[in-house]
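Throughout, this note's numbering is defined as the position within the sequence shown, counted from one, plus 68. Using N, Cα and C, we set each Cβ at its ideal position, and we do this for glycine too.
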Amino acid sequence: MVESRDVERSQTRLNHVPSLSPSASVAAMPKIRTVRTKKPPEGFEDIESILDDYAKKMRDAENETHEGKRKAESLWPIMRISHTRSRYIYELYYKREAISRELYDWLLKEGYADANLIAKWKKPGYEKLCCLRCIQTRDMNYQGSTCICRVPKAQVRSGTVVECVHCGCRGCSSES
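This is how it looks when you write it as structure tokens:
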């Protein structure tokens, strides 16, 4: 009886996958619209086809085989699509001013873009940030450091391939 519990506990430990913290940037799919949900604000029809394309790419990336890839490497395409979708919405509102504040807030609330990542893009030095995990100091090898992709290209030795372990970024420093 005791042995079976020990085996069960060890199997549980082996099967346990640590989850990301709530502050980590995770690619979230937009909420499903049903009959009961509130209708999208005016202007959504103009960008709906592009957002549907991003959703299709996201589904393809999620269904893609991950054999032969490292554990973190299988998430890279999902992180990239989430980043580009968030960047698209950010540029529509802040750069081109093509959508209303109401539509922008609705898109963030419905999960079409990562609000925390967009908040960082508005700060100096983080304009090209790839994901929030790259600036979290607790996930790095050295205490108090950030990801290798945050190092400006001028400070990296020539010939060195820089690739982030978390999201596959090859350099998102503002000075690169």
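| message | Rounded to whole angstroms, what is the Cα-Cα separation between E243 and P109? | response | The residue labelled residue 243 in the question sits at position 175 within the sequence shown. The residue labelled residue 109 in the question sits at position 41 within the sequence shown. Approximately 37 Å between the Cα atoms of the pair.
| How would you write the range of the alpha helix (DSSP H) that Y158 sits in, first residue to last? | Reading the sequence shown from its first residue, position 90 is the one you call residue 158. Start and end: 144-158.
| field | Identity of the residue in Y158, K125, K99, V103 nearest K190 by Cα | value | The sequence position of residue 190 within the sequence shown is 122, counting from 1. Closest in alpha carbon position to K190, among Y158, K125, K99, V103, is Y158.
| task | Taking 8 Å as the threshold, find out whether the region 214-221 comes into contact with the region 116-129 through three or more Cβ pairs. | result | Judged by Cβ distances under 8 Å, the region 214-221 makes no contact with the region 116-129, as fewer than three pairs qualify.
| task | Flag S242 as yes if its beta-carbon sits less than 8 Å from any beta-carbon of chain D, otherwise no. | result | Judged by its chain identifiers, the structure shown contains no chain D, having just a single protein chain.
| message | Pop quiz: A181 and R153 are said to be a contact at Cβ under 8 Å. What is the actual Cβ separation, rounded to whole angstroms? | response | Translated into positions along the sequence shown, residue 181 becomes position 113. Translated into positions along the sequence shown, residue 153 becomes position 85. With a Cβ gap of about 6 Å, A181 and R153 count as contacting.
| Quick one: is P145 buried, meaning 16 or more other Cβ sit within 10 Å of its Cβ, or exposed? | Counting from one through the sequence shown, the residue named residue 145 turns up at place 77. With 16 or more other Cβ atoms within 10 Å, it is buried.
| Are the CB atoms of L176 and I167 nearer to each other than 8 Å? | The residue given as residue 176 occupies position 108 in the sequence shown. The residue given as residue 167 occupies position 99 in the sequence shown. Cβ atoms of L176 and I167: not closer than 8 Å.
| Own chain partners of T214 with C-beta closer than 7 Å, once the 5 adjacent residues on each side are dropped | Looking up residue 214 in the sequence shown gives position 146. Residues of the same chain with a CB within less than 7 Å of the CB of T214, apart from the 5 flanking positions on each side, are C202, I203, T205, M208 in chain order.
| field | Rounded C-alpha distance that separates E141 from C235 | value | Walking along the sequence shown from the start, residue 141 turns up at place 73. Walking along the sequence shown from the start, residue 235 turns up at place 167. Linking E141 to C235 through their CA atoms gives a straight-line distance of about 7 Å.
| query | From which residue to which residue does the alpha helix (DSSP H) around E130 run? | reply | For this step, residue 130 is matched to residue 62 along the sequence shown. For E130, the enclosing alpha helix (DSSP H) covers residues 112-131.
| Using the C-alpha atoms, what's the distance from Y162 back to K196? | Working through the sequence shown from its first residue, we reach residue 196 at position 128. Working through the sequence shown from its first residue, we reach residue 162 at position 94. Cα to Cα, K196 sits roughly 14 Å from Y162.
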